[in-house]
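**Q**
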Amino acid sequence: MGKKIIITGATGLIGKYITQLLSARGDEVTVFTRSPNSAKNELPGAHEFVQWDSFEKTGSWQSRIEGKDAILHLAGEPLLGALWSDDYKEKILKSRELGTRSLVFAVSKAENKPESFISASAIGYYGSSENNVTYTEESLPGEGFLAEVCKRWETEAAEAESFGLRRASIRVGIVLDKREGALEKLLTPFKYFLGGTVGEGNQWISWIHLADVANIFVFALDNSFVSGPLNAVAPNPVRMKEFMDTLGSVMNRPSWLKIPEFPIKAAIGEASVPVTEGIKVLPKRTLELGYQFRFTRFEDALQDLLQGG
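The sequence shown begins at 7 in the working numbering and counts up one residue at a time.
1. Are the segment 36-44 and the segment 55-71 touching by the rule of at least three beta carbon pairs closer than 8 Å?
2. Name the residue from G130, V279, H215 and E121 whose alpha carbon lies nearest to the alpha carbon of K184.
3. Terminal residues of the continuous alpha helix (DSSP H) containing K97?
4. Taking the straight line between their C-alpha atoms, what separation do you get for G21 and G207?
5. Do three or more CB pairs link the segment 192-211 to the segment 155-163 at distances below 8 Å?
6. Could you give the residue range of the beta strand (DSSP E) that holds R172?
7. How many angstroms separate the CA atom of Y23 from the CA atom of A76?
8. Determine the closest residue to G119 out of S125, F111 and A88, with distance taken between C-alpha atoms.
9. For my contact list, Y131 and R177 are in at a C-beta cut-off of 8 Å; report their separation, rounded to the angstrom.
10. Among S44, L295 and E72, which residue has its Cα nearest to the Cα of K10?
11. Please report the Cβ distance between T365 and A240, rounded to the nearest whole angstrom; I am assuming they are in contact, meaning their Cβ atoms lie under 8 Å.
12. Excluding five sequence neighbours on each side, which residues of the same chain lie with their C-beta closer than 6 Å to the C-beta of V281?
13. Could you compute how far the alpha carbon of T14 sits from the alpha carbon of A128?
14. Using CA coordinates, which residue listed in R245, L308, D59 and K74 is at the minimum distance from S101?
15. From the DSSP output, in three-state form, read off Q298 for me.
16. S114 to V219, Cα distance in whole Å?
17. Under 8 Å: do the segment 225-245 and the segment 288-300 share three or more Cβ pairs, one atom per stretch?
18. Checking 9 Å against the spacing of the C-beta atoms, do L19 and V181 come in under that value?
19. CA-CA distance, A116 and F169?
20. From L171, Q26 and Q309, pick the residue whose C-alpha is nearest to that of N47; which is it?
21. For L308, which of helix, strand or coil comes out of DSSP?
22. Is DSSP giving I285 helix, strand or coil here?
23. Between L104 and Y94, what straight-line distance do the alpha-carbon atoms span, to the nearest angstrom?
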């Protein structure tokens, strides 16, 4: 018999993939979402759709937590695709902090509590790698807005442990998929022979194939020995120049432009940090706990995404 699982953020890139995986194997997936009707069209395999808003502490959704096996919490305002104004930064932070807090509060009131609480986080937890440091799950948090968001996000998620739940925080890197996210935004300029590196091209890109990041969440869900932080990044990060050169090679396009950092920083502000500064992160605990990556080489991941359909 399958598990009974609640998932937030199910209509996002990662959440959609996870929901499909779980539904296909026979799990009963309850989707917590701001837009149940829209989510039904996007996620036909899910069992139930419940009205939920990360900014609301309580609601009728609380009763749906009773008797569930696990909560997978991925919801939060998108990091890509918007200028990080002060107002939007507040939304990025509060959607994660308050949403996590409301779920843990509901868990505290449940009589039949879930066994596990698996929450998303991000490698922004470590800051940036301009000083060429390599980070693992054992590294201390860094400085900056994203680091602060991730610290507060994980602090709220860790409260689930106070109520007897197993908690894991999945620190997600740069997710590769041709339909959404960072890679998708690069495809058009390369198609028109306008590909190239940002800045000197020495900044690290800690990437991961969409299939692997989704399967790491499922790995954490299924294995009771998994708790605490796990880095969802491939074992072989690449520098920006290698990233762009390889993308050009796979697409049979040149990577010849050198794009200065200042217009990107001027256009999107702090949202440019993952691209202009980069970060080198390794999945040390993820590997030690036994997760086996499908895609460890950047070129193989691109070949699968861009030529495999």
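Glycine is no exception: its CB is placed at the ideal position from the N, C-alpha and C atoms. Given the structure is predicted, the values throughout are model-derived calculations rather than measurements.
**A** With the structure as the only source:
1. Between the segment 36-44 and the segment 55-71, the count of C-beta pairs closer than 8 Å reaches three or more; the two stretches touch.
2. For the purposes of this step, residue 184 is taken as residue 178 along the sequence shown, with counting starting at 1. Of the listed residues, the one whose Cα sits closest to K184 is H215.
3. Numbered from 1 along the sequence shown, position 91 holds the residue referred to as residue 97. DSSP places K97 in the uninterrupted alpha helix (DSSP H) bounded by D92 to K115.
4. Taking the sequence shown and counting its residues from 1, one reaches residue 21 at position 15. Taking the sequence shown and counting its residues from 1, one reaches residue 207 at position 201. When the Cα atoms are used, G21 and G207 turn out to be separated by approximately 31 Å.
5. Contact between the segment 192-211 and the segment 155-163 is absent, because fewer than three Cβ pairs lie under 8 Å.
6. The count along the sequence shown starts at 1 and reaches residue 172 at position 166. Per DSSP, R172 is one residue of the beta strand (DSSP E) stretching across R172 to V178.
7. Stepping through the sequence shown from its first residue, residue 23 is reached at position 17. Stepping through the sequence shown from its first residue, residue 76 is reached at position 70. Rounded to the nearest angstrom, the gap between the Cα atoms of Y23 and A76 is 17 Å.
8. For the purposes of this step, residue 119 is taken as the residue at position 113 of the sequence shown. In the sequence as displayed, the identity of residue 119 is Lys instead of Gly. The residue with the shortest Cα to Cα distance from K119 is F111.
9. The residue you call residue 131 lines up with position 125 of the sequence shown. The residue you call residue 177 lines up with position 171 of the sequence shown. Indeed, because the Cβ distance is near 6 Å, the residues count as touching under 8 Å.
10. Counting from 1 along the sequence shown, the entry for residue 10 is found at position 4. Checked all of S44, L295 and E72; the closest Cα to K10 is E72.
11. Any property of residue 365 remains undetermined from this structure, which presents the chain solely from 7 to 315.
12. Along the sequence shown, read from residue 1 onward, the residue named residue 281 stands at position 275. Cβ within range, chain order: V204.
13. As a working mapping, residue 14 is identified with position 8 in the sequence shown. As a working mapping, residue 128 is identified with position 122 in the sequence shown. Whole-angstrom Cα-Cα distance: 16 Å.
14. The residue you call residue 101 lines up with position 95 of the sequence shown. Nearest option by C-alpha distance: D59.
15. On the sequence shown, residue 298 is found 292 positions in, with the first residue counted as 1. Look at Q298 here: in three-state DSSP terms it is coil, with no helix or strand label.
16. For the purposes of this step, residue 114 is identified with residue 108 of the sequence shown, where counting begins at 1. For the purposes of this step, residue 219 is identified with residue 213 of the sequence shown, where counting begins at 1. Our two residues, S114 and V219, have alpha carbons roughly 29 Å apart in a direct line.
17. Between the segment 225-245 and the segment 288-300, the count of Cβ pairs shorter than 8 Å is three or higher; the stretches touch.
18. Walking along the sequence shown from the start, residue 19 turns up at place 13. Walking along the sequence shown from the start, residue 181 turns up at place 175. Yes, the Cβ-Cβ distance between L19 and V181 is below 9 Å.
19. Sequence index remark: in the sequence shown, residue 116 carries index 110 (1-based). Sequence index remark: in the sequence shown, residue 169 carries index 163 (1-based). When the Cα atoms are used, A116 and F169 turn out to be separated by approximately 10 Å.
20. Here residue 47 refers to the residue found at position 41 of the sequence shown. Per the Cα distances, Q26.
21. Here residue 308 corresponds to residue number 302 of the sequence shown, with the count starting at 1. In the structure shown, the three-state DSSP call for L308 is helix.
22. As a position in the sequence shown, residue 285 is number 279, starting the count at 1. Three-state result, I285: coil.
23. Along the sequence shown, read from residue 1 onward, the residue named residue 104 stands at position 98. Along the sequence shown, read from residue 1 onward, the residue named residue 94 stands at position 88. About 15 Å.
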